[in-house]
Amino acid sequence: MGHHNREVDDMTTQTRNEVLLEGLALAAPEWSHENHGTQFYRFFLQVPRLSGTPDVLPVLLPDTLLPQAAAAGPLRVRGQLRSFNNRTGVGNRLVLTVYAQEIAPGDGESCNLIRLSGTLCKPPVFRRTPLGRSICDLMLASPRRYGRADYLPVIAWGQLAVQASRLQVGDPLALEGRVQSRSYHKVTDSGTEERVAYEVSMMHWMDAVESDTP
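The opening position of the sequence shown corresponds to residue 1 in this note's numbering, with each subsequent residue numbered one higher.
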């Protein structure tokens, strides 16, 4: 348990796109693609939730981390949440994945934490569930090196949703939350398909915007 506490404390607030996960790999990594001479592989990490329904999250890793990913038992993954556009026309247009920068054996204590900052790039969408619970959907542009950015969907609940609904495009946003997977049904020309969406579930504001939040 101690190493998790140290790692969470060591997650800096400067990068503001840091993910720390611990869970079980559902299968061995499979080849994904090559980029600038580096081979990349992909696997799914199952991270338990308190509700009992686990999050099943895609993890992308360079070939240099393959030996670490082959370890038996739980894996601890540190990295960033990345997005890219799916140009195949199949599935979601915006594809999210956890890009692994470090992989090590875990200690069996599940972890799902993301610290993230960026700029709001779409107007907030506020709504209520049939039971009256407040929800707000946000789209955050998180800067990356070389002038690039990751576009990451964020969902806020309850009072956080009410506060987030007052934000405007261009406002800075820094938050702590978890990365979650969510199944849904999509109606297509060939019928109804079950798909999986990935998003950041916000837990609370970080210091960068806390004083500016209504």
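C-beta: ideal position from N, C-alpha, C; glycine also.
Just so you know, these numbers come straight off a predicted model, no measurement behind them.
What span of residues does the alpha helix (DSSP H) with residue i cover, start to end?
i	result
Leu-160	158–164
Pro-130	Element bounds for Pro-130: n/a, residue is neither H nor E.
Leu-167	Segment: none, Leu-167 is in no alpha helix (DSSP H) and carries neither H nor E.
State the start and end residues of the unbroken beta strand (DSSP E) segment that holds residue i.
i	result
Gln-80	75–85
Leu-96	94–105
Tyr-221	An answer regarding residue 221 cannot be provided, because it is not within the stretch 1 to 214 covered by the chain.
Met-202	191–205
Cys-111	111–120
Who are the near neighbours of residue i in its chain, counting only those whose CB is closer than 6 Å to its CB and skipping five residues on each side?
i	result
Pro-29	Tyr-41, Phe-43 and Ala-69
Leu-24	Gln-46 and Pro-74
Tyr-198	Leu-96 and Ser-181
Gly-79	Val-19, Val-98, Tyr-99, Ala-100 and Gln-101
Val-56	Phe-44, Gln-46 and Ser-181
Gly-108	Pro-74
Given a threshold of 16 other Cβ atoms within 10 Å of its Cβ, counted over all protein chains shown, does residue i qualify as buried or as exposed?
i	result
Gly-177	buried
Asp-150	buried
Asn-17	buried
Asn-112	buried
Gln-180	buried
Arg-76	buried
Leu-81	buried
Ser-142	buried
Trp-205	buried
Ser-211	The predicted model places Ser-211 with a pLDDT of 34, which falls under 50 and marks its position as unreliable; any figure quoted below should be read in that light. Flag for Ser-211 reads exposed.
Leu-167	buried
Leu-20	buried
Val-196	exposed
Met-202	buried
Arg-145	exposed
Leu-26	exposed
Gly-37	exposed
Gly-118	buried
Leu-224	Any answer about residue 224 is impossible in this case: the structure gives the chain only from 1 up to 214.
Leaving out five residues before and five after residue i in sequence, what residues of the same chain have Cβ atoms less than 8 Å from its Cβ?
i	result
Val-95	Ser-83, Phe-84, Asn-85 and Asn-86
Gly-106	Glu-22, Gly-23, Gly-73, Pro-74, Leu-75 and Arg-76
Thr-129	Ile-135
Gly-2	At Gly-2, the pLDDT of 46 sits below 50, so the modelled position is not reliable and the matter cannot be decided from this model.
Looking only at its chain, what residues have a beta carbon closer than 7 Å to the beta carbon of residue i, apart from the 5 residues adjacent to it on each side?
i	result
Glu-194	Ser-183 and His-185
Pro-58	Arg-42, Phe-44, Thr-97 and Val-98
Ala-164	Pro-124, Cys-136, Leu-138 and Ala-156
Val-292	Summary: the structure shown does not reach residue 292, with the chain confined to residues 1 through 214, and so no result is reported for it.
Val-169	Leu-120, Cys-121, Lys-122 and Pro-123
Leu-66	Pro-29 and Tyr-41
Pro-54	Gln-46, Val-47 and Pro-48
Ala-104	Gln-68 and Arg-76
Do we get a CB-CB distance below 8 Å when we pair residue i with the residues of chain C?
i	result
His-36	As a matter of chain content, chain C is missing from the structure shown, which is built from one protein chain.
query: Are the stretch 114–125 and the stretch 149–165 in contact at 8 Å, needing three or more beta carbon pairs?
result: yes
- request: Taking only runs that begin and end inside the stretch 16–81, name each unbroken alpha helix (DSSP H) of 4 or more residues, in chain order.
  value: 66–69
At least three beta-carbon pairs within less than 8 Å, the stretch 127–135 to the stretch 98–106: no
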